[in-house]
Amino acid sequence: MNTSRRQFLATSTLAGAGLSSGLARLTPVLAAGAAPTIVSAAAAAKPALLGGTPVHAGGWQSWPVWRTAWEPAMLEVLRSRQWYRNSGTHVARFEADYAKLLGARRCLATASGTAALIVSLHVLDVDAGDEVIVSPFTFIASYNAILAHKALPVFADTDPATFTLDPASLASRVTDRTRAIMPVHIYGLPCDMDPINALARARGLRVVEDACQAWLAEYQGRKCGSLGDLGCFSFQESKHLPAGEGGAITGNSDELLDRCTAFHNCGRSTGGFKGSGCFTRGGNFRMTQFQAALLLQQFDKLVQETARRRDSADYLSARLGLIPGITPARLPANSRGVWHLYPLRYDARHFHGLSRDAFLKALNAEGVPGHAVYKEQYFDGLLDEAIASRGFQRLFSGQRLKAYRDSFQELKGNREVCATSFAFTQNILLADRTGLDHIVEAVAKIQAHSAALASAKA
Ligand SMILES: *Cc1c(COP(=O)(O)O)cnc(C)c1O
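Using numbering that gives the first Met the number 0, the first residue of the sequence shown is number 0, and each one after it goes up by one.
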């Protein structure tokens, strides 16, 4: 079976004028023996969008997943009537175990990742009228947590090769109002933290990692979320460790974590932090026992699936990276991603000018669900609404707000990554080898037929 498929490919590669260099370049690797199942007739077949048969007919792993074995623990919480953080024991146990898993000194569980970011920024002394430098290529919650403090989210540029904050763009963003930097380990790809931390130290700034997509990601042998002053995680339903909603703050400073605990618990004094008198400012950002009990069931699953996603990402990168015009993400040296999404950059010049969005339409028609993810969302109205608000108008000069708005035009790296990238969601990386091979086949097939697809489009 394998032989005939290989022979078919060899024949069609040699003979098929329509086959692109992409598939031809893929062939040697495949012939080297890793995965003969990739070698298929798919690239020669008609694209599904033009009436052909989709490469992948089955579905993909659904998300989230639950197991019957988890039911007793959930029922126990229900029947205990101890649902609130300070009545039961699961939240505290989750905090101890999660800190251990990350190699962080402390962890505080929160109601959500957004809550974790809001609490952390308060504790790092971000106040009304301050500025926080943040990566623009992120889920909108990163912007909103800063705006919630009536502080200005100032955007560093994105390095299109890594999808993360370009450390070289930081220094020019610092003003006398800057208090903190919020690097985002987007898609579970670690930011290059050493130069970020070095700049923060030199300028007296605090660092809060948005690690909301980066459970178990590693940089220089340490876990994301333990690299800055505080790290924030999300356990929302789509995430790798899901509890419907949930979040956590991690760090190595007892003083900061005590202050987080107080602020997240209506300002009640905790540990070494007494506040002024009995209370400090605060809110209710607490996790419930149900969330913690559900999270505690999933640690082994997270560890196993993380290994699986890494293998899948390596497998895809080795193959998709050989297709001209398709570029996998580059990680910083000595780091490991966890791939909340698996992103690629797309260069239409290698696909006869077929636009990224037309490419994705053709890919989806093959049964392979790739998506463009973040847009240049600073142009979407949110920030215009914020800076036109009474509070921001009081807190910042008109001159500063105009310069701020104008600066969005300078985010060239971010513009490029928004316009040229796409991604597969994490559940796709839990597919078996056949599923992964189908992804490669589908991309190769579209490239082989990109001239036809581009003209069908026009
Ligand atoms: C999910 C996410 C958040 C927010 O977490 P929630 O738990 O949904 O509030 C923040 N930042 C990033 C990068 C995220 O992916």
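C-beta atoms are modelled at their ideal positions from N, C-alpha and C, and glycine is treated no differently. Remember, it's a predicted structure, so these values are computed and weren't measured experimentally.
Do L116 and S141 have their beta-carbon atoms positioned less than 8 Å apart in this structure? In the sequence shown, residue 141 corresponds to position 142, counting from 1. In the sequence shown, residue 116 corresponds to position 117, counting from 1. Yes, they are a contact pair.
Could you say if the region 44-63 and the region 220-233 meet the contact criterion of at least three C-beta pairs nearer than 8 Å? Short answer: they don't touch.
Assigned secondary structure, N283 (DSSP; H/G/I helix, E/B strand, else coil): Here residue 283 refers to the residue found at position 284 when the sequence shown is read from its first residue. Reduced to three states, the DSSP call for N283 is strand.
Is any heavy atom of ligand 1 found at a distance shorter than 7 Å from the C-beta of G246? Here the question's residue 246 lines up with position 247 in the sequence shown. Checking every heavy atom of ligand 1 against the Cβ of G246, one is found closer than 7 Å.
For W82, tell me which candidate among A385, R399, F289 has the shortest Cα-Cα distance. Within the sequence shown, the letter at position 83 stands for residue 82. Check the Cα spacing between W82 and each of A385, R399, F289: the tightest is with F289.
Check the C-beta distance from Q376 over to I139 and give it rounded, since I have them as a contact under 8 Å. What you label residue 376 is simply residue 377 of the sequence shown in a count that begins at 1. What you label residue 139 is simply residue 140 of the sequence shown in a count that begins at 1. The C-beta distance from Q376 to I139 rounds to 6 Å, short enough to meet the 8 Å contact threshold.
With the cut-off set at 8 Å, would you say A422 and P368 are in Cβ contact? Start at 1 with the first residue of the sequence shown, and residue 422 comes out as number 423. Start at 1 with the first residue of the sequence shown, and residue 368 comes out as number 369. No, Cβ-Cβ distance for A422 and P368 is not below 8 Å.
Own chain, CB closer than 8 Å to L359, minus 5 neighbours either side, in chain order: Translated into the one-based positions of the sequence shown, residue 359 becomes position 360. Cβ neighbours of L359 within its own chain (closer than 8 Å, five residues either side excluded): G369, H370, A371, F421.
Is there at least one non-hydrogen atom of ligand 1 closer than 7 Å to the beta-carbon of G112? The residue given as residue 112 occupies position 113 in the sequence shown. At least one heavy atom of ligand 1 is nearer than 7 Å to the Cβ of G112, so yes.
Below 8 Å, can you find three or more Cβ-Cβ pairs linking the region 160-180 to the region 437-446? These segments do not touch.
Tell me whether T137 counts as near ligand 1, meaning its Cβ is closer than 7 Å to at least one heavy atom of that ligand. Translated into the one-based positions of the sequence shown, residue 137 becomes position 138. Yes, Cβ of T137 sits closer than 7 Å to a heavy atom of ligand 1.
At a threshold of 7 Å, does S479 count as lining ligand 1 (C-beta to nearest heavy atom)? The requested residue 479 does not occur in the structure, where the chain is confined to residues 0 to 457.
Taking only three categories from DSSP, how would you classify Y341? The sequence position of residue 341 within the sequence shown is 342, counting from 1. Strand at Y341.
How would you call Q235, buried or exposed, if buried means at least 16 neighbouring beta carbons within 10 angstroms? Taking the sequence shown and counting its residues from 1, the one referred to as residue 235 is at position 236. Around the CB of Q235, 16 or more other CB atoms lie within 10 Å, so the residue is classed as buried.
Could you round the C-beta distance between V76 and M286 to whole angstroms and report it? I think they count as a contact, below 8 Å. Here residue 76 refers to the residue found at position 77 when the sequence shown is read from its first residue. Here residue 286 refers to the residue found at position 287 when the sequence shown is read from its first residue. No, V76 and M286 are not in contact; Cβ-Cβ is about 12 Å, not under 8 Å.
Using the beta-carbon count (16 or more within 10 Å), is L74 buried or exposed? Position 75 of the sequence shown, counted from the start, is the residue given in the question as residue 74. Exposed.
Taking T113 as the reference, give the member of H148, Q297, D299 with the closest Cα. Against the sequence shown, residue 113 aligns to sequence position 114. Nearest C-alpha to T113 among H148, Q297, D299: H148.
Where G246 sits in the DSSP three-state scheme: Along the sequence shown, read from residue 1 onward, the residue named residue 246 stands at position 247. Annotated three-state conformation of G246 is strand, per DSSP.
Looking only at DSSP bridge pairs, what is C265 linked to? Working through the sequence shown from its first residue, we reach residue 265 at position 266. DSSP, once it has assigned bridges, lists no residue as partnering C265.
Using a 10 Å radius around the Cβ and a threshold of 16 neighbouring Cβ atoms, would you call A33 buried or exposed? Mapped onto the sequence shown, residue 33 falls at position 34. At A33, the pLDDT of 42 sits below 50, so the modelled position is not reliable and the matter cannot be decided from this model.
Do I185 and ligand 1 come close, with the Cβ less than 7 Å from some heavy atom? Counted from its first residue, the sequence shown places residue 185 at position 186. Yes, the beta carbon of I185 sits closer than 7 Å to at least one heavy atom of ligand 1.
Is any heavy atom of ligand 1 found at a distance shorter than 7 Å from the C-beta of Q235? Position 236 of the sequence shown, counting from 1, holds the residue named residue 235. It does: the Cβ of Q235 is within 7 Å (strictly closer) of some heavy atom of ligand 1.
Can you find a heavy atom of ligand 1 that lies under 7 Å from the Cβ of Q212? By one-based count along the sequence shown, residue 212 stands at place 213. Relative to the non-hydrogen atoms of ligand 1, the Cβ of Q212 comes within a distance shorter than 7 Å of at least one.
Range covered by the beta strand (DSSP E) that runs through E130: What you label residue 130 is simply residue 131 of the sequence shown in a count that begins at 1. Unbroken beta strand (DSSP E) run through E130: 130-133.
Return yes when at least one heavy atom of ligand 1 lies under 7 Å from the C-beta of S420, else no. The count along the sequence shown starts at 1 and reaches residue 420 at position 421. False, no ligand heavy atom lies under 7 Å from that Cβ.
Beta-carbon gap between S334 and Q219 smaller than 8 Å: Position 335 of the sequence shown holds residue 334. Position 220 of the sequence shown holds residue 219. Contact annotation: S334 and Q219 have beta-carbon atoms nearer than 8 Å.
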